[in-house]
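I have placed the structure first, in the form of structure tokens, so that the comments after it can refer back to it.
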Amino acid sequence: MKRMARRVSGGVIAAIGVVGVLLFCCVGGGLMVAGGMALQSRVSALGSACDGQPVPTAAAYTPGAASRATVMQRGMGGGWSAQFGRLRSEWASDTTETTAIVVCLDDEVERLAERCDYEGGMVANRYTYDQHVRIVVAQTAMPLIDTVIAGGDAPLCPEVLTGEAGSSYRYDGPHVSEATATFEALLRPILGG
Numbered sequence: 001m002k003r004m005a006r007r008v009s010g011g012v013i014a015a016i017g018v019v020g021v022l023l024f025c026c027v028g029g030g031l032m033v034a035g036g037m038a039l040q041s042r043v044s045a046l047g048s049a050c051d052g053q054p055v056p057t058a059a060a061y062t063p064g065a066a067s068r069a070t071v072m073q074r075g076m077g078g079g080w081s082a083q084f085g086r087l088r089s090e091w092a093s094d095t096t097e098t099t100a101i102v103v104c105l106d107d108e109v110e111r112l113a114e115r116c117d118y119e120g121g122m123v124a125n126r127y128t129y130d131q132h133v134r135i136v137v138a139q140t141a142m143p144l145i146d147t148v149i150a151g152g153d154a155p156l157c158p159e160v161l162t163g164e165a166g167s168s169y170r171y172d173g174p175h176v177s178e179a180t181a182t183f184e185a186l187l188r189p190i191l192g193g
């Protein structure tokens, strides 16, 4: 009898555990998705500023005063979505009404910086990344900065490449999202701090 009781209680505990995990994953995950969608909806109007349309409900921008910004990334369909976490917390805004500046990011572009040919038909390709960045005043859609940020240099091709004949090797430079210092230097005069 003891053995049977142990199995049932173990099965019951396992079943409760499975139900708990499902509730946490499904309900909790749903809440996280809903929370992310709620944040997106609070700033979705700011994509208009990236397309040159004023957003009258946005915060006013005063040059020289501390301001808050939202980063918007162009999507594959051409629309814009907020990229939370790209800015320092003191610069970041998560509502249209507190956003004075919109940072508009086009897709990152991969560029072949150099092709290095080796004996035996081996090839090493060095790639760099850059991204078109526009910084605009949200209320007026007035552009303040229009530039391209580079992620950084790719590693140099090695003097000697060891591998199979005809093989191709890739050397990537840092992505633009890793160029935090460059990104912040661009924003500091506008956002303050």
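When we follow this note's numbering, the leftmost residue of the sequence shown carries the number 1, and every step to the right adds one.
Glycine included, each C-beta is placed from N, C-alpha and C at the ideal position.
As the structure is a prediction and not an experimental result, all values here were calculated from the model.
In this chain, Cys104 is not harboured by any alpha helix (DSSP H); it is covered by the beta strand (DSSP E) spanning 101–105. When DSSP states are grouped into helix, strand and coil, Val109 belongs to the strand group.
Looking from the CA of Val123, the closest CA among Pro54, Thr147, Tyr171, Gly192 belongs to Tyr171. Here the segment 100–116 makes contact with the segment 126–146; the two share three or more CB pairs at distances below 8 Å.
With distances taken between CA atoms, Thr95 lies nearest to Ala45 out of Arg74, Gln53, Ala45, Arg86. In chain order, Tyr129, Gly151 place their CB closer than 6 Å to the CB of His175, counting only its own chain and leaving out the 5 sequence neighbours on each side. Per DSSP, Ser81 is not a residue of any alpha helix (DSSP H); the beta strand (DSSP E) it occupies stretches across 80–82.
When only Cα atoms are considered, Thr62 and Cys50 end up about 19 Å apart. The Cβ atoms of Ser93 and Thr70 sit closer than 7 Å to each other.
Straight-line spacing of the CA atoms in Glu164 and Asp106 works out to 38 Å. Ranking Ala66, Gly79, Arg86, Gly52 by CA distance to the CA of Thr182 puts Arg86 first. Relative to the Cα of Met76, the nearest Cα in the group Gly120, Glu108, Arg115 belongs to Glu108. By the neighbour-count definition (other C-beta atoms within 10 Å, threshold 16), Met142 is an exposed residue. Leaving aside the five residues that flank Gly52 on each side, the residues in its chain whose CB is nearer than 6 Å to its CB run, in chain order, Ala141. Val43 counts as buried, since at least 16 other C-beta atoms from the protein chains shown sit within 10 angstroms of its C-beta.
For Cys116, the three-state secondary structure derived from DSSP is strand.
Across the structure, Phe84 and Ser177 are spaced so that their CA atoms are roughly 12 Å apart. Ala66 sits in coil when the DSSP states are folded into three classes, being neither helix nor strand.
Counted as a single uninterrupted DSSP element, the stretch harbouring Thr180 is not any beta strand (DSSP E) but the alpha helix (DSSP H) occupying residues 180–191. Contact between Leu186 and Trp91 is absent: CB atoms are separated by about 12 Å, not below the 8 Å threshold.
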